[in-house]
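These notes are about the structure you will find just below.
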Amino acid sequence: MSVTLSKLKKMHQAKQKIVCLTAYDASFAHWVSAAGVEVILVGDSLGMVVQGHATTLPVTLDEMVYHTQMVQRGNEQAWCIADLPFMSDTTIEQTMQSAARLMKEGGANMVKLEGGVRVLQSVSALSALGIPVCGHLGLLPQSVEKYGYKVQGKDSVSAKQLVNEAVALQDSGAEMLVLECVPAELAREITDLLNIPVIGIGSGKNTSGQVLVLNDMLGITVGKSPKFSKNFMLQSTSIQDALAHYVSEVKAEIFPSDTHVIA
23 MSVTLSKLKK MHQAKQKIVC LTAYDASFAH WVSAAGVEVI LVGDSLGMVV QGHATTLPVT
83 LDEMVYHTQM VQRGNEQAWC IADLPFMSDT TIEQTMQSAA RLMKEGGANM VKLEGGVRVL
143 QSVSALSALG IPVCGHLGLL PQSVEKYGYK VQGKDSVSAK QLVNEAVALQ DSGAEMLVLE
203 CVPAELAREI TDLLNIPVIG IGSGKNTSGQ VLVLNDMLGI TVGKSPKFSK NFMLQSTSIQ
263 DALAHYVSEV KAEIFPSDTH VIA
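Under the working numbering, think of the first position of the sequence shown as 23, with each following residue one higher.
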């Protein structure tokens, strides 16, 4: 039975951990789905781990549609979120057109936008049209040239801003939220405050669930992997075994451990 948004919300309310992974093609999507991962994220991280770019910025909407199509051909049960890439959501009209392509052509179940105040009107417009939206706060890869790769929300002012933006995104119609690289206690506060699932990455274990970049958790990332990630192949005999270990460790709240925090 396919995972639905209703199921994910019930898991959040019941404090049952949600497992999320990125995938970029049909084969990996098949095995990720078969392992029991509830959410597949077709991330614009593909710009770095698939295309070899230094950032996510060069990824185009056409490429996101293409990779989402491939993932959905292999995906058998997971809820599929697709990223709106850099500069594809600069106006409400453009955001709706971009989201429509990811849904109609790509087959995504949900679209994800980076940012807080900037995207609130777009989130409202998409929600009014029945398009499920996932927000993304904390470290914003599409804004890395301005803010860099560093933990967000470490001081009281920026922490309060993240809390306010999380609530505003929910109030505007966002159905899920990704928190990237924020302090664990702040992530716990936001998760407890919201009625929607909160998926963490580099934000401690007290969110509704966890997401990692597939290449990072399989130990095949070129260059240095993020401190908050873990190479599950080191304890596994196959890719399928590594995926199973990841699912079980997230469910049992073994991963992430205290060694996987960067705050």
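Even for Gly, the Cβ is constructed at its ideal location relative to N, Cα and C.
Here the structure is a predicted model, which means the values were calculated and not measured.
* **Sequence-distant residues of the same chain with beta carbon closer than 6 Å to Tyr46, five excluded per side** => By 1-based counting over the sequence shown, the position of residue 46 is 24. Answer for Tyr46: Leu68, Val72, His89, listed in chain order.
* To do: Return the Cβ separation of Gly129 and Gln164 in integer angstroms, given the expectation that the two are a contact with Cβ distance under 8 Å.
  => Your numbering for residue 129 matches position 107 in the sequence shown. Your numbering for residue 164 matches position 142 in the sequence shown. In this structure Gly129 is not in contact with Gln164, their Cβ atoms being roughly 23 Å apart against a cut-off of 8 Å.
* Asked: Which value, in whole angstroms, describes the spacing of the CA atoms of Gly244 and Gly74?
  -> Residue numbering aside, residue 244 sits at position 222 when the sequence shown is read from its first letter. Residue numbering aside, residue 74 sits at position 52 when the sequence shown is read from its first letter. Per the sequence shown, the amino acid found at residue 244 is Val instead of Gly. One C-alpha to the other measures close to 9 Å.
* **N-terminal and C-terminal residue of the beta strand (DSSP E) that Glu202 is part of** => Walking along the sequence shown from the start, residue 202 turns up at place 180. DSSP places Glu202 in the uninterrupted beta strand (DSSP E) bounded by 198 to 202.
* Asked: Within 10 angstroms of its Cβ, does Tyr171 collect 16 or more other Cβ (buried), or is it exposed?
  -> Indexing the sequence shown from 1 puts residue 171 at position 149. Per the 10 Å Cβ criterion, exposed.
* So, helix, strand or coil for Gln75, using DSSP? -> Within the sequence shown, numbered from 1, the residue matching residue 75 stands at position 53. A small correction: the amino acid at residue 75 is His; Gln does not occupy that position in the sequence shown. In this structure, His75 counts as coil in the three-state DSSP scheme.
* Asked: Using DSSP with H/G/I as helix, E/B as strand and the rest coil, what is Glu136?
  -> Working through the sequence shown from its first residue, we reach residue 136 at position 114. The three-state secondary structure of Glu136, taken from DSSP, is strand.
* Asked: Is it true that the region 103 to 117 meets the region 80 to 87, where meeting means three or more beta-carbon pairs spaced less than 8 Å apart?
  -> Result yes; three or more Cβ-Cβ pairs closer than 8 Å.
* **For Gly226, the nearest candidate out of Ala100, Ser279, Asn131 (CA to CA)** => Mapped onto the sequence shown, residue 226 falls at position 204. Nearest option by C-alpha distance: Ser279.
* Asked: If Lys6 sits next to Val272, beta carbons under 8 Å apart, how far is it from one beta carbon to the other, in whole angstroms?
  -> Nothing can be reported for residue 6, as the shown portion of the chain is limited to 23 through 285.
* Asked: Can the beta-carbon of Ile212 be found less than 7 Å from the beta-carbon of Val185?
  -> As a first step, residue 212 must be located in the sequence shown, where it is residue number 190. As a first step, residue 185 must be located in the sequence shown, where it is residue number 163. If you check the CB distance, Ile212 and Val185 come in under 7 Å.
* Between Leu216, Leu240, Thr281, which lies nearest to Pro265 when the distance is taken from Cα to Cα? -> Along the sequence shown, read from residue 1 onward, the residue named residue 265 stands at position 243. Per the sequence presented here, residue 265 reads as Leu, with Pro not at that position. Comparing alpha carbon positions, the residue from Leu216, Leu240, Thr281 closest to Leu265 is Leu240.
* Report yes if the C-beta distance between Phe254 and His282 is below 7 Å; otherwise report no. => In the sequence shown, the residue the question calls residue 254 occupies position 232. In the sequence shown, the residue the question calls residue 282 occupies position 260. No. Outside cutoff.
* Where Ala76 falls, given that 16 or more other Cβ within 10 Å makes a residue buried -> To locate residue 76, count along the sequence shown from 1; it is residue 54. It counts as exposed.
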